[in-house]
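Chains F and Z, in that order, are what the protein sequence lines are.
Taking numbering that gives the first Met the number 0, the leading residue of the first sequence gets 0, the next gets one more, and so forth.
Taking numbering that gives the first Met the number 0, the leading residue of the second sequence gets 0, the next gets one more, and so forth.
All residues carry an ideal CB built from backbone N, CA and C; glycine is no exception.
What follows is a single structure, written as structure tokens, with notes after it.
2 protein chains.
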Amino acid sequence: MGDVFKALADPTRRHILDELAERDDQTLFEICARLGSKHQFTSSRQAVSQHLELLEAAGLVHTRREGRYKFHTLDTRPLAQIAERWIRTKPQEKP
Amino acid sequence: MGDVFKALADPTRRHILDELAERDDQTLFEICARLGSKHQFTSSRQAVSQHLELLEAAGLVHTRREGRYKFHTLDTRPLAQIAERWIRTKPQEKP
DNA sequence: TTGATAGGCAAGTAATGACTTGCCTATAGT
DNA sequence: ACTATAGGCAAGTCATTACTTGCCTATCAA
């Protein structure tokens with residue numbers, strides 16, 4: 000569960016999540032290409048690969064093998080709970 | 000805005016937020032003491048102080064001076080938006 | 001005023017994390 | 001079979017960051 004927070008801490012990983020939110024089921028190379036063109040983020044293949052490993056370990060990304068391709072899909076469920084951890088205990092704000 | 004994610008990445012800072020969610024308006028020494036007794040987290044005063052600086056810079060904690068005391072209060076508003084960043088785009092959207 | 005308490009500042013250390021480099025395997029197309 | 005493509009593994013580099021150490025200022029109580 001603490002892995003989710005660590006996963007979200009890096010701006011490149013957040014861009015990867017942005018990219019997967021826009022278009023699901025992408026391969027590593029597709030993500031690399033789109034990060035460069037759309038989000039002006041130049042990361043090497045290995046760098047992105049390691050980020051995806053981390054995101055998968057955090058449960059934010061699931062993968063599916065198909066031949067020599069590995070598709071990555073976004074799972075937003077872990078995100079739903081993280082914010083509520085502190086919000087629930089706080090009834091209301093002071094003005 | 001990216002500061003919020005970085006602020007949440009550290010387990011000690013999350014414990015500090017837990018503590019402030021339970022009891023607001025605490026001083027640095029109070030937070031230190033409670034981190035040790037309740038959450039079994041032994042962090043030095045300076046370490047906690049630096050964490051609080053970071054949390055304040057992220058907008059998650061506000062401070063108020065009163066004599067020689069400095070009270071820390073939790074602000075959960077930045078948390079509300081972070082999760083929605085990816086959740087909102089999921090079903091369908093984007094014109 | 002003295003001493004104790006609450007906190008701040010800054011330089012240094014140690015550890016974590018992001019990224020690179022080089023090589024390797026497997027699948028698909030020709 | 002040969003080659004290009006998609007991806008994996010592992011050791012190493014470099015930057016960031018968490019934490020320490022030592023000393024300093026300010027407030028309050030006796």
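- R63(F) is bridged by DSSP to F70(F).
- Judged by DSSP secondary structure, T75(F) falls outside any alpha helix (DSSP H); it is assigned neither H nor E.
- Residue pairing for Q25(F): DSSP places it in a beta bridge opposite H71(F).
- T72(F) is positioned such that its CB atom lies no closer than 8 Å to that of I86(Z).
- Its Cα nearest to that of R67(Z), the residue L27(Z) stands out among L51(Z), L27(Z), L19(Z), E18(Z).
- Chain order gives the chain Z residues near L78(F) as A82, W85, I86, where near means a beta carbon separation below 7 Å.
- H50(Z) places its beta carbon 8 Å or farther from that of I81(Z).
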